[in-house]
Structure formats: C-alpha cells, structure tokens
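Enquirer: In my numbering, the protein residues as written are 9 to 111. Can you keep this structure in mind? I'll have questions shortly.
Written as structure tokens, this is what we have:
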C-alpha cells in the first residue's frame with residue numbers, strides 16, 4: 009500500500025481538546041505522523057499506510073466533537089537531493105590546489 013495523507017478539520021475550544029484530538033489521530037493503526045496544519049491550526053494532517061478515514065472521523069467526533077474530512081490523497085514523498093562529489097576550484101593556481109588537497 010502507498011502512503012496517504014488525510015486532512016481533517018477539527019473544532020476545539022481549548023488546548024486540552026486539541027491535544028486529545030491529536031492523541032486520537034496518532035493512536036490509529038498505520039499512522040506514522042499526525043500534526044496540526046492550517047492558519048488557525050484547526051486541521052490535523054495524518055500520514056501513514058492503510059489508515060481508515062471513516063474510523064478516524066468517527067473516533068474524533070466521539071472524543072472531541074466536530075470533525076470534518078477535508079482531503080484524502082497520496083502523501084508527498086521527499087526526494088533526496090543528489091549532491092555532486094566533484095569539487096570545482098576556479099581561479100586558483102596549481103600550488104593553491106595542492107595545498108587544499110593536502111589539508
């Protein structure tokens with residue numbers, strides 16, 4: 009299965025409810041990460057494999073109150089940047105280059 013990202017809008021009135029919502033989201037099977045997103049930090053982004061979005065919404069509604077499914081889609085995978093190992097030295101004479109190699 010491919011990784012998926014689920015974004016859920018949750019209305020919480022205090023920090024206790026916010027922490028509880030994040031704890032509920034992180035407790036599901038297959039969840040790798042859960043974090044607050046959005047301008048008002050009123051959305052929870054959950055990423056992982058095989059996450060049941062209906063179960064997530066049901067648990068959040070029972071535990072916190074209002075919860076709305078915003079989006080479900082594939083997770084954006086970070087591609088490692090390929091770094092070249094070639095050192096380019098411009099404008100130096102051969103003696104300067106040899107000194108840098110010796111260091």
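Virtual Cβ for every residue (Gly too), placed ideally from N, Cα, C. Since the model is a prediction, treat every value here as computed from it, not as a measurement.
Report yes or no: do three or more beta-carbon pairs, one from the segment 68-80 and one from the segment 34-43, lie closer than 8 Å?
Expert: Contact between the segment 68-80 and the segment 34-43 is absent, because fewer than three Cβ pairs lie under 8 Å.
Enquirer: Count the other CB atoms, across all protein chains shown, that sit within 10 Å of the CB of residue 97; report buried if there are 16 or more and exposed otherwise.
Expert: Since pLDDT at residue 97 reaches only 48, below the 50 mark, its modelled position is unreliable, and the value read off the structure follows with that caveat. It is exposed - the Cβ of residue 97 has fewer than 16 other Cβ atoms within 10 Å.
Enquirer: Determine the burial state of residue 19: buried for a count of at least 16 other Cβ atoms within 10 Å of its Cβ, exposed for fewer.
Expert: Residue 19 should be labelled exposed.
Enquirer: Express the C-alpha separation of residue 84 and residue 22 in angstroms, rounding to a whole number.
Expert: 31 Å
Enquirer: Assign residue 10 to one of two classes, buried (16 or more other C-beta atoms within 10 Å of its C-beta) or exposed (fewer than that).
Expert: Label assigned to residue 10: exposed.
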